[in-house]
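Structure first, commentary second.
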Amino acid sequence: MNVVLYRNWNRKVSKYDTVYILGDFAVRHRWDYWKHILNGRKIFIKGNHDSFGDKEKEYEAFGGIQFLLLHDPCRVPPDYTGWAIHGHIHESYMVNKGRRLFCVSAMALHYSPINSYEVIRLVKKAEAELAKKMEPSAKWN
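The sequence shown runs 2 to 142 under our numbering.
Here's what the structure looks like:
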C-alpha cells in the first residue's frame, strides 16, 4: 500500500502543487518521514487517529463552488449548504449527491490523489443530476 501510494502521489503531484490531506495519513513518527518524500505543499487537516495537525477544518472555494474540507463528514455543520470534501469513510463511494459529500479517502480513490479540477467536474455533474431530478415533469396527462 505505501509503495503504491508513494508512486501514485509523486506521479500526479508536482513539488509546486498544494495538497490537502484530510486526516489519518500516518502516525506522528511516520509523518515526519512521508512529508519530506511526497511532492507538494501539504496542508494537514487533523483526523480522528492523529495526534498532530494544524486544523480541524478549512473552507475553500474552487471553480466557484464552496467546499468544507474536513476529516469526518459527521462533523459538517447542519446549516452548511456547500459541498464537503472528507476522508474517514472507508467505502467505495466518492460522491454522495443527497448529502453533498465528496469522499477522498485513499481507498475510495485507489490510493491516488485527485486534483481540484476533477473534483469540480464530478461535483458539477452531480449538481446537474440533482437539478434535473428537481425539474417538474414535462409530461401532461
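For glycine and all other residues, C-beta sits at the position ideal for the given N, C-alpha and C.
Keep in mind the model is a prediction, meaning the values are calculated, not measured.
In the DSSP assignment, find the unbroken beta strand (DSSP E) run with ALA127 in it and report its ends. Counting along the chain, ALA127 falls outside any beta strand (DSSP E), though it belongs to the alpha helix (DSSP H) covering 117 to 135.
What are the partner residues of HIS50, as DSSP defines its beta bridges? Under the DSSP definition of a beta bridge, HIS50 lacks any partner.
According to the neighbour-count rule (16 or more other Cβ atoms, all chains shown, within 10 Å of its Cβ), is ARG122 buried or exposed? Classification for ARG122: exposed.
Which listed residue (ASN116, LYS98, ILE115) has its alpha carbon closest to that of LYS125: For LYS125, the nearest C-alpha among the options comes from LYS98.
Do you know how far the Cα of HIS50 is from the Cα of GLU119? Straight-line spacing of the CA atoms in GLU119 and HIS50 works out to 28 Å.
Kindly indicate which residue of ALA132, TYR112, LEU70, ARG101 has the alpha-carbon position closest to the one of ARG12. Nearest of ALA132, TYR112, LEU70, ARG101 to ARG12, Cα basis: TYR112.
Beta-carbon gap between GLY54 and LYS47 smaller than 8 Å: Yes; because the gap between Cβ atoms is below 8 Å, this pair is in contact.
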